[in-house]
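Numbering-wise, the sequence shown is residues 173 to 274 according to the working numbering.
Here a beta-carbon is modelled for each residue, glycine too, at the ideal position from N, C-alpha and C.
Remember, it's a predicted structure, so these values are computed and weren't measured experimentally.
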Amino acid sequence: MDVGDADGGTVSRFDIVARPDPQTLARLINHFAQRALIPSIVEAREANGMMQVAIEQPGLSVHEAGIVADKMRNSWLVEEVSLRCGNVRQMPLSEAMVGRAA
């Protein structure tokens with residue numbers, strides 16, 4: 173299934189592997205809050221001693237999404253951020269992250 177925003181635009185999907193910490197989710201979501209944005213999807217789980225987080229945000233340009241991803245990567249809590257922009261196929265967190273957590 174292709175995912176688009178209400179205006180038929182694109183969605184940016186951030187797949188993040190981070191250290192488990194009570195502040196991890198708040199710090200990741202804060203990157204969107206600073207831009208007055210509310211992500212359409214946020215999924216998180218802890219597995220194998222790491223947090224796996226997927227965030228989908230409609231309405232960002234590729235450039236803006238890249239800036240957000242780079243800011244996430246600068247956090248000491250974040251191990252990896254992958255970014256897909258455009259009409260992304262929505263998939264469950266377990267499918268998106270299963271290979272990265274191992």
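request  = Report all residues from its chain with a CB closer than 7 Å to the CB of residue 257; omit the five preceding and five following residues, and keep chain order.
outcome  = Here the question's residue 257 lines up with position 85 in the sequence shown. Excluding positions up to five away in sequence, the list reads 182, 184, 234, 237.
request  = Count the other C-beta atoms from every protein chain shown that fall within 10 angstroms of the C-beta of residue 228, then say buried if there are 16 or more, exposed otherwise.
outcome  = Mapped onto the sequence shown, residue 228 falls at position 56. Buried, since its Cβ has 16 or more Cβ neighbours within 10 Å.
request  = Following the continuous beta strand (DSSP E) through residue 187, name the residue where it begins and the one where it ends.
outcome  = For the purposes of this step, residue 187 is taken as residue 15 along the sequence shown, with counting starting at 1. First-last of the beta strand (DSSP E) with residue 187: 183-190.
message = Which of the three DSSP states is assigned to residue 219 in this structure?
response = Taking the sequence shown and counting its residues from 1, one reaches residue 219 at position 47. Looking at residue 219 - three-state DSSP - the assignment turns out to be strand.
inquiry  = Suppose contacts are defined by Cβ-Cβ distances below 8 Å. Is residue 198 in contact with residue 223 by that definition?
reply    = The residue you call residue 198 lines up with position 26 of the sequence shown. The residue you call residue 223 lines up with position 51 of the sequence shown. No, the pair does not count as a contact, with Cβ atoms beyond the cut-off.
key: With 16 other Cβ atoms within 10 Å as the buried cut-off, status of residue 187   = By 1-based counting over the sequence shown, the position of residue 187 is 15. By the neighbour-count rule (16 or more Cβ atoms within 10 Å), residue 187 is buried.
task = Have a look at the DSSP bridge pairing and note the partners of residue 225.
result = Position 53 of the sequence shown, counted from the first residue, corresponds to residue 225. Answer by DSSP bridge pairing, in chain order: 188, 216.
query = Which two residues bound the contiguous alpha helix (DSSP H) that contains residue 249?
reply = Here residue 249 refers to the residue found at position 77 when the sequence shown is read from its first residue. Run containing residue 249: none; DSSP gives neither H nor E here.
query = For residue 207, which three-state DSSP category applies?
reply = Looking up residue 207 in the sequence shown gives position 35. Coil at residue 207, not helix or strand.
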